[in-house]
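Scroll down for the structure; my scribbles are underneath it.
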DNA sequence: TTCAAAACATGATGCGCGTCATGTTTTTTT
DNA sequence: AAAAAAACATGACGCGCATCATGTTTTGAA
């Protein structure tokens with residue numbers, strides 16, 4: 003059996019134990035009969051750091067769920083500058099909007115931050131599921147509402163705050179939503195370079211490095227890309243909205 | 003009957019002719035039996051320029067539809083700076099996300115740009131409607147998806163582009179989505195000051211004025227707040243993504 | 001129509017941050 | 001373990017845009 007480059011072939015989730023998917027809110031609320039049906043339509047795929055899950059401009063074909071790992075959602079400008087819109091974590095849905103309905107195209111690129119596994123479902127099965135199951139549709143509405151609020155909050159921060167404040171906001175956000183406890187403070191569960199941070203707050207790598215150096219001197223953070231630790235969340239919060 | 007200050011009391015839409023609401027996508031897709039029911043739950047309200055429809059931080063109580071006029075969606079920072087996230091036009095939904103479900107608060111302020119009329123519905127009726135009518139839920143998902151894409155596109159522009167490019171993007175966007183034909187070019191259908199524009203692209207009033215003056219000299223636009231006209235959409239587009 | 005309040009305009013000044021440049025340290029690959 | 005490639009670091013310099021200041025013009029209310 004020949005292996006395709008960079009992405010493992012899709013795999014049926016024939017007999018997944020219930021608990022494997024129990025941490026995904028959308029699937030948890032399905033009736034047990036419907037869940038079996040949905041499991042048949044879902045396919046699991048694995049990606050690594052150098053893959054792209056889909057590219058900006060590609061036609062939309064699937065609805066996706068992050069099962070494991072971190073996925074970044076990126077847009078880029080004609081001149082090659084990049085902007086990272088969102089880090090998707092396990093349980094997050096993407097391409098769940100019906101803009102993906104008819105002949106639509108991906109507005110951004112989805113790229114793994116490391117090894118990830120993704121569940122996906124073709125559009126038809128997805129919308130059939132939503133039509134059969136109004137509570138699932140409401141769950142999707144809830145998720146999209148949250149995402150919209152986040153995106154608007156991000157726009158506000160980009161529009162009004164200085165670079166150091168935006169960076170502080172980012173760290174607070176990541177620590178709060180995804181941080182794991184650590185003897186030194188709060189550790190971020192994904193590899194995150196200064197370049198990644200720069201792309202998330204709309205600045206250059208150099209400026210992100212300078213500001214992070216300052217944060218380090220001031221004992222607000224410690225560590226580097228492979229293991230970044232937030233040491234003083236309170237002071238970062240204060241700086242973020244100063 | 004005592005009149006409440008600034009807002010007209012709610013009015014039942016008892017016997018609205020079908021055509022009055024036919025331009026609202028969400029209502030158009032309801033079955034005719036359900037539409038009658040929904041009409042009973044909808045209330046019409048009128049607001050003027052100095053009212054607020056709801057304020058950032060208020061508890062969410064209603065689902066809203068813009069029937070007539072323009073509503074702006076604003077966030078503000080502790081220091082009093084403001085950021086306008088979105089102009090809502092007739093047919094647009096707001097607070098349609100289920101974050102408004104349980105004890106949630108408005109993430110921004112909704113403010114009329116002039117005289118507007120709004121249809122609204124309490125949360126329970128709204129979610130009942132969605133549960134009865136999966137196609138309506140999918141319509142809401144579609145709307146939220148569009149809004150999310152817009153918000154992310156806006157974040158990208160704020161993160162990557164210069165101020166004159168952001169302003170050009172804004173004008174292109176408004177002209178394309180809401181512009182009406184005019185002998186001179188494309189007229190924008192709402193009163194829009196340089197301050198409004200500044201708040202939409204994350205800059206100061208002075209800078210917005212300076213750039214708009216330049217655009218005027220270069221024959222890209224003409225007119226002022228009360229009647230702004232886009233005269234060369236193509237060149238504005240070119241500037242926006244240069 | 002008149003007057004006050006917004007909106008528009010334009011200059012001077014300074015700082016934040018982008019850009020380019022050069023070097024060190026850490027991580028990843030072979 | 002060694003080599004290659006990222007990531008981190010720090011300085012010099014200049015432009016874009018915020019800030020403050022001082023008019024003029026337009027709009028809308030009395």
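Chains as they are written, first to last, in my numbering: chain A, 3 to 244; chain B, 3 to 244.
Glycine is no exception: its CB is placed at the ideal position from the N, C-alpha and C atoms.
These numbers were taken from a predicted model, which means no experiment stands behind them.
- Annotation for residue 108 of chain B: no beta strand (DSSP E) segment contains it, and DSSP assigns it neither H nor E.
- With respect to chain B, the C-beta atom of residue 212 of chain A has no partner C-beta closer than 9 Å.
- Secondary structure at residue 84 of chain A: strand, using DSSP grouped into helix, strand and coil.
- Ranked by Cα distance from residue 231 of chain B, the options B:105, B:54, B:82, B:178 are led by B:178.
- Taking a beta-carbon distance threshold of 9 Å, residue 158 of chain B counts as an interface residue toward chain A.
- Cα atoms of residue 181 of chain A and residue 120 of chain B: separation of roughly 42 Å, rounded to the nearest angstrom.
- Per DSSP, the continuous alpha helix (DSSP H) segment holding residue 34 of chain B begins and ends at 34-43.
- Rounded to whole angstroms, residue 33 of chain A and residue 103 of chain A show a C-alpha spacing of 25 Å.
- For residue 51 of chain B, there is no enclosing beta strand (DSSP E), since its DSSP letter is neither H nor E.
- For residue 127 of chain B, the enclosing alpha helix (DSSP H) starts and ends at 125-134.
- Taken through DSSP and simplified to helix, strand or coil, residue 117 of chain A comes out as coil.
- In chain order, 140 make up the part of chain A whose C-beta sits under 8 Å from the C-beta of residue 129 of chain B.
- For residue 224 of chain B, the uninterrupted beta strand (DSSP E) segment begins and ends at 223-226.
- Looking at A:69, A:123, A:218, the one whose alpha-carbon comes closest to that of residue 45 of chain A is A:123.
- For residue 242 of chain B, no chain A residue has a Cβ inside 8 Å of its Cβ, as the nearest lies near 11 Å away.
- Taking a contact to require three or more Cβ pairs closer than 8 Å, the region 209-218 of chain A and the region 134-142 of chain A do not qualify as touching.
- Within chain B, the residues whose beta carbon sits less than 8 Å from that of residue 147 of chain A are 98, 99, 100, 101, 102, 146, listed in sequence order.
- Apart from the 5 residues on each side of it in sequence, residue 234 of chain A sits with its Cβ closer than 6 Å to the Cβ of 222 in its chain, given in chain order.
- Shown here, residue 31 of chain A sits in coil according to DSSP, grouped into three states, outside any helix or strand.
- Proximity of residue 137 of chain A to chain B, defined by a Cβ-Cβ separation below 9 Å, is satisfied.
- Secondary structure remark: continuous beta strand (DSSP E) runs of at least 3 residues inside the region 178-220 of chain B, in chain order: 182-184, 187-189.
- For residue 133 of chain A, a Cβ of chain B is located within less than 9 Å of the residue's own Cβ.
- Around the beta carbon of residue 63 of chain B, fewer than 16 other beta carbons sit within 10 angstroms, so the residue counts as exposed.
- Here residue 25 of chain A carries a coil assignment [DSSP, helix/strand/coil].
- Boundaries of the alpha helix (DSSP H) harbouring residue 237 of chain B: 235-242, taken from the DSSP string.
- At a cut-off of 9 Å between C-beta atoms, residue 113 of chain A does not count as an interface residue with respect to chain B.
- If you check the CB distance, residue 92 of chain B and residue 48 of chain B do not come in under 9 Å.
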